[in-house]
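Below: one structure, written as structure tokens.
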Amino acid sequence: MDGQTRLIKAEKTCKEPPKRSRNVFTDIKYFLLDSPAANTFINFGNGEEKRIYTESILQRIDIDVDKYKIFNIHRIGIEAPPSYVFDELLKWSGDSSCWPNNIAKVYLQDKSLEKIRIYLFGRIKSLLGLKNGIFGFKFLHLFDLTAIRIHGTPASADVDNARYLLYECKGGYPIGVFCMYVRSPIPERGEKEMSQLFMMVGFDFFGSKTLSKMKFIRRIWESFHNRVTGNVGKRFKQLCEWQFDKFTNGT
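Position in the sequence shown (from 1) plus 202 gives the number in my numbering.
Written out as structure tokens, the structure reads:
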């Protein structure tokens, strides 16, 4: 076997799926303690730059986020076609290796992505003998996602080949909108991979603009949210590229 053949073989076998989390402790390690290989959070220099960038996406999903004080966007490039990446998004469930299911368990109502409920530690009714709630605060039921629109077919005039899942998000955390949006790259923005996945959330803390204005609360939330979202994106990228590599190489 010559050097070139060994290199090709190594490249074909280097991709592997993300390790599946086994319990709460590995959820904490994989999603909170591990640092993503790349910074996926889009940090805008000023409000005008953010407005121009987000309008290119928001005009597609047709929703107003100006009413929310916080609008957070993450982007990650994936070496797989947009249609393939979107199909992987449609497989999201309580058994996904890309989501901290032991901490925030996903339940698909009627086995559909149209309505999703998220529960702390997967406990629907009680935890350590406590009912679902204390002093009026329901800490087990984290939030609900109700689909506003699942757009799986790009419009005929859509040169970006965009697809997305857009949700209204209610419950303890957060209250607002959540969107997973995938499109082809825009070279002028330095995007190289076949697909660009955006994970966006817009909300106010517990529906309060006053809380959302407090810098220390925003910084705590952003440090937590950015680390988890970055690791979710990293693992989803790894899964898509591994699956697509298997598909293209017939393995």
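Using N, Cα and C, we set each Cβ at its ideal position, and we do this for glycine too.
None of the values given here were measured: they were computed from a predicted structure.
Residue pairing by DSSP puts A349 in a beta bridge opposite Y369.
Taking the Cα positions, T355 is about 26 Å away from G452.
Straight through space, the alpha carbons of L291 and N433 are spaced by roughly 15 Å. A direct Cα-Cα distance of roughly 11 Å separates W294 from L367.
The beta carbons of V379 and F288 sit no closer together than 8 Å.
Counting of Cβ neighbours within 10 angstroms places F446 among the buried residues, the total reaching 16 or more. S358 sits away from P284, with the two beta carbons spaced by 8 Å or more.
Taking C-beta separations shorter than 8 Å and ignoring five residues to either side along the sequence, G249 has no partners in its chain. By the beta-carbon neighbour count (other beta carbons within 10 angstroms, threshold 16), K436 is buried. In the structure shown, S358 falls within a coil segment according to DSSP collapsed to helix, strand and coil. The criterion of a C-beta distance shorter than 8 Å is satisfied by Y321 and L344.
For the 8 Å CB-CB criterion, D236 and N304 do not form a contact. Beyond the five residues adjoining it in sequence on each side, C300 comes within less than 7 Å, by CB distance, of P220, V434, R437, F438 and L441 in the same chain, given in chain order.
The three-state secondary structure of K293, taken from DSSP, is coil. In the structure shown, the three-state DSSP call for F418 is helix.
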